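Notes follow once the structure below has been shown.
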Amino acid sequence: MKKRELKPKKTSTTFVPWKITEVYHTEVEYFNEAELKRMAENLCKLMDNYLKNKEREEIHICL
Numbered sequence: 007m008k009k010r011e012l013k014p015k016k017t018s019t020t021f022v023p024w025k026i027t028e029v030y031h032t033e034v035e036y037f038n039e040a041e042l043k044r045m046a047e048n049l050c051k052l053m054d055n056y057l058k059n060k061e062r063e064e065i066h067i068c069l
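Right under this line is the structure:
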């Protein structure tokens with residue numbers, strides 16, 4: 007009787023870390039301080055709007 011070799015199955019999760027690493031290595035961007043400040047302010051505005059909309063939805067549901 008022949009011994010059958012077990013080959014590891016290739017799954018998508020095996021390659022995910024490599025792909026993520028590759029993406030970060032190939033798409034590195036550098037920002038100056040003014041750009042970072044502007045992006046932070048925009049993020050704060052977006053979060054503020056999101057929270058206001060969320061409150062409106064909750065009030066609407068309660069009514």
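FYI, the numbering for the sequence shown is 7 to 69, going by this note's numbering.
We put the beta carbon where it would ideally sit given N, CA and C, even for glycine.
Here the structure is a predicted model, which is why all the values come from computation and not from measurement.
Between the alpha carbons of residue i and residue j, how many angstroms are there, rounded?
i          : j          : result
residue 36 : residue 54 : 26 Å
residue 41 : residue 47 : 10 Å
residue 57 : residue 50 : 11 Å
residue 61 : residue 38 : 35 Å
residue 63 : residue 44 : 29 Å
DSSP three-state label for residue i, please.
i          : result
residue 36 : coil
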